[in-house]
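A short write-up of the structure that comes next.
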Amino acid sequence: MEKRKIEILDAIINSYISLPNPVGSRTISKDFDLGVSSATIRNEMADLEDLGYLNKPHTSAGRIPSDKAYRFYVDKIQSKKKPYKEINDDLQKLLFENVTGLDDLFKNTARLLAEITSCTSYVVSSKKPDTKIKFIELISLNEYNVLLLIVGDKGVVEKEIIVLDYKISEENVNMISRALNKEMMDIDFDEISRLKVTLTGDMTYYKDFISEVIKRASSFNQKISEVSLYYDGLTNILNYQEYWNVEKAREFMAFVEDKDAILTMLKDLENNESASEVEVIIGNENRDELMKTNSMIRASYRPKNNRFGQIGIIGPVRMDYESHIKTVKEFSINLAYAIDEMVG
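According to the numbering used here, the sequence shown is numbered sequentially starting from 34.
Here you go:
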């Protein structure tokens, strides 16, 4: 494409990203110093429309960028191959804020990415690296409720509340906790269901409770084998005019909250373990019908332990691609590093 057409197309896209109103030649002439007249800009815009890069709404004399225009714009950005800072110390501090396990790390990542981009963010985590129980702890909340805390050998933390239909003292909870921790520390997850605990003294009275603890610990193995989805910034879409239609906003929120639908949509990259660069899917390039009015920027992350995962954002087609591509890439690098720091 000729240089002047590219400059005008870039100006239209940047103008429309800032304010989603159809862009006219006068706006471009006024807001961008391109060194050409409004008439010349108008003629070039007509050519760009004929080439499929601009659309003309029926109710306006201005133009709006097409998905083809955004694809041209994004390809140009990504062709520059700007170097990324490997590790951001400030971001690392934020990622590790109040973190006790990998779940907290993934939640922090999704929250921070949503805050920085003002889009809906997500993190997909594959199978956790834990293979053994590091320790378990039972904590008495009251006479009928006990908190079960399970910590894996690579940092995964699971918390569950067990509700009893009979009273149990804090002293007996602590006694059972010590006994079970002695039996289960460093045990492989797949051995938990076959664990036989010898009950003596007061512990025999609580055999049903102890069986329930072992059952919950055994299910921990299944949980760490599942693909997990974390998302944040769902209401960020309301900041964009494209989602001011209540029904459209509701449909988008329901879609993102449907774990199976999201994971199905993301499955193609999840299986492509060679993917390492940021991928941008624009509007109609999305397979899911609801996503055809949105764009997605995503990247894989792979820590040293070879756990493959994915991180990304979803937002309007007119999103700030240049800034967001850099942000998603930076987060993918720093998340992988953070996981390595946590699980070794």
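No residue lacks a Cβ here, since even glycine has one placed at the ideal position from N, Cα and C.
Exposed or buried, what is residue i when buried is set at 16 or more other beta-carbons lying within 10 Å of its beta-carbon?
i, result
"residue 85", "exposed"
"residue 44", "buried"
"residue 307", "Note that residue 307 scores 44 on pLDDT, short of 50, meaning its location in the model is unreliable; the coordinates nonetheless yield the value given after this. Under this definition residue 307 is an exposed residue."
"residue 194", "exposed"
"residue 302", "Low confidence applies to residue 302: its pLDDT is 47, below 50, so where it sits in the model is not reliable, and the reading given next is rough at best. Residue 302 should be labelled buried."
"residue 363", "buried"
"residue 59", "exposed"
"residue 238", "exposed"
"residue 357", "buried"
"residue 278", "exposed"
"residue 150", "buried"
"residue 371", "buried"
"residue 271", "exposed"
"residue 217", "buried"
"residue 34", "exposed"
"residue 210", "buried"
"residue 283", "exposed"
"residue 196", "exposed"
"residue 181", "buried"
"residue 348", "buried"
Using only alpha-carbon positions, find the residue among the options that is nearest to residue i.
i, options, result
"residue 220", "168, 312, 238", "168"
"residue 154", "343, 350, 248", "343"
"residue 276", "198, 227, 106, 323", "323"
"residue 351", "102, 95, 189", "102"
"residue 191", "171, 197, 99", "171"
"residue 359", "121, 35, 56", "121"
"residue 248", "36, 123, 230", "230"
"residue 146", "369, 180, 365, 184", "365"
"residue 337", "374, 208, 174", "374"
"residue 106", "361, 269, 313, 334", "313"
"residue 250", "260, 52, 227, 233", "227"
"residue 174", "150, 204, 148", "204"
"residue 206", "281, 104, 178", "178"
"residue 186", "348, 64, 134", "134"
"residue 39", "94, 104, 51, 52", "104"
"residue 269", "184, 329, 148", "148"
"residue 208", "76, 242, 36", "242"
In the DSSP assignment, what residue or residues form a beta bridge with residue i?
i, result
"residue 165", "221"
"residue 261", "158"
"residue 88", "97"
"residue 182", "170, 192"
"residue 404", "Not covered by the structure: residue 404. The range shown for the chain is 34 to 377."
"residue 246", "Residue 246 is not bridged to any residue."
"residue 56", "96"
For residue i, collect the residues of the same chain with a Cβ closer than 7 Å to its Cβ; drop the 5 residues on either side in sequence, then sort them by chain order.
i, result
"residue 212", "236"
"residue 96", "45, 55, 56, 78, 82, 87, 88, 89"
"residue 144", "265"
"residue 267", "153, 286, 289"
"residue 369", "334, 335, 336"
"residue 294", "288"
"residue 65", "44"
Excluding sequence positions up to five away, which residues of its chain have a Cβ less than 6 Å from the Cβ of residue i?
i, result
"residue 139", "156, 158, 263"
"residue 305", "Only weak support exists for where residue 305 lies, its pLDDT of 47 falling under 50; the value from the coordinates is given anyway. None."
"residue 200", "176"
"residue 111", "none"
"residue 61", "44, 74"
In its own chain, which residues sit with a C-beta less than 8 Å from the C-beta of residue i, not counting the 5 before and 5 after it?
i, result
"residue 317", "100, 325"
"residue 127", "141, 145"
"residue 124", "145, 363, 364, 367"
"residue 132", "138, 141, 375"
For residue i, would you say it is in contact with chain D, using Cβ-to-Cβ distances shorter than 7 Å as the test?
i, result
"residue 217", "The structure shown contains no chain D; it is built from a single protein chain."
Counting only runs that start and end within the stretch 325 to 374, where is the beta strand (DSSP E) found for 3 or more residues in a row? Within the stretch 325 to 374, the complete beta strand (DSSP E) runs of at least 3 residues are 327 to 334, 342 to 349.
Going along the chain, which unbroken runs of the beta strand (DSSP E) with 3 or more residues stay wholly within the stretch 101 to 180? 153 to 158, 166 to 173
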